[in-house]
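Protein chains in written order, with the numbering used here: chain E, -4 to 272; chain D, 225 to 638.
We put the CB at the ideal spot given by N, CA and C, even for glycine.
All values reported here derive from a predicted model rather than from experimental measurement.
One structure is given below, encoded as structure tokens.
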């Protein structure tokens, strides 16, 4: 098998897997719309069932998290930003997308374990779950984000804020397909991801502005994909334009390069999933 | 029309110590772990309307084959084609979510099977009515009793108008009325010409409902053909295996040879509610040997008249129950049996639902030995058992001559 690989074949496989990773998840959803919506509904029911406040918690959970950070940083520590930027404005524009991103990634490593009872002994389309988990989070955070952006600015930011959520959706696709497999087969991976995400939040300019990092360290932000994403979100919502080309290109390139390996991995692991959970 | 076609379909899998090993295989493509050949390449074609019975010992690959056809397990190779919607009565209720209500689970489960919401809207009432748990349908299924759970699962699986039905082990689920209802439903599928795959340890059921039978052994098809021939060969094989082995090394008991007439219970079974569990019950059974009544009778070959009187009650809502009588030897092999259905006996039921019937064996032809008489109440097709009296009477037969065997047949020398 190894001997048959030529550079052309690899490139060919790479392109096919890249296209498949974008196209096939959506096709699966289209073919199983009713199932997809039933599961979406189930997820919301699950999150709210048995609670007194019901759907309120969907909004309250992230909101309370945001309030806690705001209280710590703005009220107690009195963090002041250069150039008269309001802490709260800056913080919220980056924090809400981050909460959404990290929630999906945290869930992704346990995704197949979580749904095992449903798919293990049924002809369930396994491609559906990663996209489902992304859709759930984006559905919850999009209205929150749009409303917050509207309150902070005006109507004109609604559209850029929507673009941010769409970018999150697309950016997460290869990540979730990859993480869901790695998390299933490597238990340590599932253990370490939440920790890495927590650490990432502190090294990413969410609670502070990139300009506040000592100059000699700013260079390292280029190696943090989350820093690029947060910069992109800020630029889109605050300035309604793309950030510097380097950032945009890096995000695009990293995403494009990840699609093929993610799909390749998922596809090969698919028939093992039912036996591994 | 071809309903199911398997062309060299096989299922091999590897046992891994951990998932990391598995991941290594996924990435490098190099297989590791211990190879298990669950099913060797098998080719099979099933036409619409055929009923295929699958027999074999535990671990022979029966369930693997059913799972492949139910598409809950992917074949390792070969070409598998299934034309039509499959209802699999395998491990009923998997795919249900405990937090969701019955109503929501109906939709969730049917959507996993690929049924459109509009289609399900039309079938919904039927599912709920059939399951008989209308009052609980908006409760989370975690509050259901196991019986309610099975009923709902069975209702969803069979109300979706499947083209192919997969049955593992039992021809009915639940208890009492529902067992009867689910049995009727399955028979209805058979009568309306659906393709059925039926896997069972009950050779009696295999012979009763199948058109074709395959016998699997160690993942391979050992024999294929009409049920009576295959079942017989399988029985002979079990007999040979159990008798050739020394006592100490007997394998797991010969699969159900002794349970010819038993309804094999479904693993997920409702806790029986004794009052209404049985649709028909024995009231009285009396066995006489030349007017001597008893539970232990002495008989004389070709002289004693053996007669059995039975009275039983059957629920007026069902057709009158049929009576079957079997004589077993000490190893529980059936020596002979009779049934009111096969003999076309017209059964009368009085206003209260009681039936009285008498069977005579004049000059009993049994040869020397100890036998047991069992009496069974069965459905009008003689497949489902309502009530039974196993080893009800012991018969000790004596003879004057030295003929060998179990029975003396009518004969003439010339």
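| query | result |
| --- | --- |
| Can you pull out the residues from the region 231 to 260 of chain E whose beta carbon lies closer than 8 Å to at least one beta carbon of chain D? | 260 |
| Going along chain E, which residues have a C-beta under 9 Å from residue 335 of chain D? | 27, 28, 29, 30, 31, 32, 33 and 34 |
| Which residue marks the beginning of the alpha helix (DSSP H) containing residue 558 of chain D, and which one marks its end? | No alpha helix (DSSP H) holds residue 558 of chain D; the beta strand (DSSP E) holding it covers 558 to 563. |
| Quick one: complete alpha helix (DSSP H) runs, 4+ long, within the region 231 to 291 of chain D? | 243 to 252 |
| How many whole angstroms separate the CB atoms of residue 397 of chain D and residue 378 of chain D, which I take to be in contact at a CB cut-off of 8 Å? | 5 Å |
| Looking at chain E, is there any beta carbon in it that lies within less than 8 Å of the beta carbon of residue 592 of chain D? | no |
| Can you name the residues of chain E whose CB is closer than 7 Å to the CB of residue 246 of chain D? | 180, 267 and 271 |
| For chain D, find out if any of its Cβ atoms is closer than 8 Å to the Cβ of residue -4 of chain E; answer yes or no. | For residue -4 of chain E, the predicted model reports a pLDDT of 46, less than 50, meaning its position is unreliable and no value from the coordinates is stated. |
| Rounded to the nearest angstrom, what separates residue 533 of chain D and residue 287 of chain D at their Cα positions? | 43 Å |
| Going by beta-carbon coordinates alone, are residue 535 of chain D and residue 548 of chain D separated by less than 8 Å? | no |
| Since residue 527 of chain D and residue 587 of chain D are thought to touch, with beta carbons under 8 Å apart, how far apart are those beta carbons, to the nearest angstrom? | 6 Å |
| Out of D:400, D:258, D:386 and D:265, point me to the one whose CA is closest to residue 664 of chain D's CA. | Outside the shown range of chain D, which is 225 to 638, sits residue 664 of chain D, and nothing can be said about it. |
| What do you reckon, are the CB atoms on residue 199 of chain E and residue 222 of chain E nearer than 8 Å? | yes |
| How is residue 140 of chain E classed by DSSP in three states: helix, strand or coil? | helix |
| What are the residues that DSSP puts in a beta bridge with residue 576 of chain D? | For residue 576 of chain D, which the question treats as bridged, DSSP gives no partner whatsoever. |
| So if I threshold CB-CB distances at 9 Å, which residues from the region 99 to 120 of chain E count as touching chain D? | 112, 113, 114, 115, 116, 117, 118, 119 and 120 |
| Please list, in chain order, all residues of the same chain as residue 493 of chain D whose beta carbon is under 8 Å from its beta carbon, the five residues on each side excluded. | Note that residue 493 of chain D scores 34 on pLDDT, short of 50, meaning its location in the model is unreliable and no value can be drawn from it. |
| To the nearest angstrom, how far is it from the Cα of residue 79 of chain E to the Cα of residue 72 of chain E? | 17 Å |
| Tell me the DSSP secondary structure of residue 229 of chain D in three-state form. | strand |
| Quick one: is residue 7 of chain E buried, meaning 16 or more other Cβ sit within 10 Å of its Cβ, or exposed? | exposed |
| Rounded to whole angstroms, what's the CA-CA distance from residue 510 of chain D to residue 525 of chain D? Just pull it up for me. | 21 Å |
| Answer yes or no: do residue 292 of chain D and residue 341 of chain D have a C-beta to C-beta separation smaller than 8 Å? | no |
| What's the C-alpha gap between residue 571 of chain D and residue 514 of chain D? | 25 Å |
| Output yes or no for whether 8 Å exceeds the beta carbon distance between residue 123 of chain E and residue 30 of chain E. | yes |
| Rounded to whole angstroms, what's the CA-CA distance from residue 237 of chain D to residue 12 of chain E? Just pull it up for me. | 26 Å |
| How would you list, in chain order, the residues of chain E whose beta-carbon sits under 9 Å from the beta-carbon of residue 318 of chain D? | 112, 113, 115, 116 and 117 |
| What is the rounded straight-line gap between the Cα of residue 38 of chain E and the Cα of residue 23 of chain E? | 19 Å |
| Using the beta-carbon count (16 or more within 10 Å), is residue 633 of chain D buried or exposed? | exposed |
| If you reduce the DSSP assignment to three classes, tell me which class residue 582 of chain D lands in. | strand |
| Expressed to the nearest angstrom, what Euclidean distance is found between the alpha-carbon atoms of residue 608 of chain D and residue 592 of chain D? | 33 Å |
| Using the three-state DSSP reduction, which class does residue 273 of chain E fall into: helix, strand or coil? | In the structure as shown, chain E begins at -4 and stops at 272. Residue 273 of chain E is therefore absent and cannot be evaluated. |
| Would residue 247 of chain E be called buried (16 or more neighbouring beta carbons within 10 Å of its own) or exposed? | exposed |
| If you compare alpha carbons, which of D:289, D:384, D:423 and D:415 is closest to residue 200 of chain D? | Look at the range of chain D in this structure, 225 to 638, and you will see that residue 200 of chain D is not part of it. |
| Is the beta carbon of residue 620 of chain D closer than 8 Å to that of residue 530 of chain D? | no |
| Is residue 43 of chain E close to chain D, meaning its C-beta is less than 8 Å from at least one C-beta of that chain? | no |
| Decide if residue 582 of chain D is buried, meaning its Cβ has at least 16 other Cβ atoms within 10 Å, or exposed. | exposed |
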